[in-house]
Structures are given as structure tokens and as C-alpha cells.
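Quick note: the sequence shown uses our numbering, first residue 16, plus one each step. Quick reminder that beta carbons are idealized off the backbone N, C-alpha and C, glycines included.
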Amino acid sequence: LAFLRLATRSSIFPHPLTLEEATSQVQDWITAPGTAMIEPLPDHARVLTAMLRQADAGGNLVNDAHLAALALSHRADLVSYDSDFERFRELRRFRPDDLLA
């Protein structure tokens, strides 16, 4: 969702992606080998609340905490350039560039 929100904004990019281009890119990512779609587990609210408290997060970081909680619950790595994820100590986060090296 964040990619769609940002990649299609003309206030960020002089030539933003069209919705069709952006959704096509997302489709490519989610159908790539090794990609898994994960959903909240029954304890998601508890894990999310713990992540928010641990990082003293609120406001714009709530969605980051949600993604971090999903990753932790599923023992998954999170791949993002967003350095805000460093606030969640238990999270294994990689920058996309790290995976290409």
C-alpha cells in the first residue's frame, strides 16, 4: 500500500507512475519466487501493541509497527529502505540493496 501511495503521487515524483504501472509492479513483486503473502495471526493485536510500546511509536509509525508485528509473528524478514523499522529491535530488516549484493 505504501508503494502505491508514494509511487503515484505527483507531489513526490515529477512523473509518478500511473495506477496501472504501480499495481503491475506490485503484482510482479507478489508473484515472484520466494514471496509469501502473510496475514495477521490470532495474537496480532498483542504483538502490535508490544511493538508500539517498545518503540514508543504512534501516529505515522503505526503502520510500520503493524508490518513489523506481521514479520515477527511469521518469523519473516522485512525488506525496506525505511530506516524507521530500526526502532523495532527484534525485527530482521534488510535494505533491498543488501539483497542484490
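Measuring only the C-alpha atoms, how far is residue i from residue j?
i, j, result
"R24", "E105", "32 Å"
"L114", "F18", "19 Å"
"L56", "Q42", "24 Å"
"L16", "R61", "23 Å"
"A47", "G74", "32 Å"
"Q69", "A22", "30 Å"
Just curious, the alpha helix (DSSP H) that residue i is in, first and last residue?
i, result
"L114", "P111 to L115"
"D43", "L34 to I45"
Rounded C-beta distance between residue i and residue j? I'm assuming under 8 Å.
i, j, result
"A91", "I53", "6 Å"
"L93", "R108", "5 Å"
"A84", "H59", "6 Å"
"M66", "F103", "6 Å"
Use the C-beta contact count for residue i: other C-beta atoms within 10 angstroms, 16 or more gives buried, fewer gives exposed.
i, result
"D71", "exposed"
"L34", "exposed"
Secondary structure, alpha helix (DSSP H): runs of 4+ residues fully inside the region 46–113: Within the region 46–113, the complete alpha helix (DSSP H) runs of at least 4 residues fall at 59–69 and 77–88.
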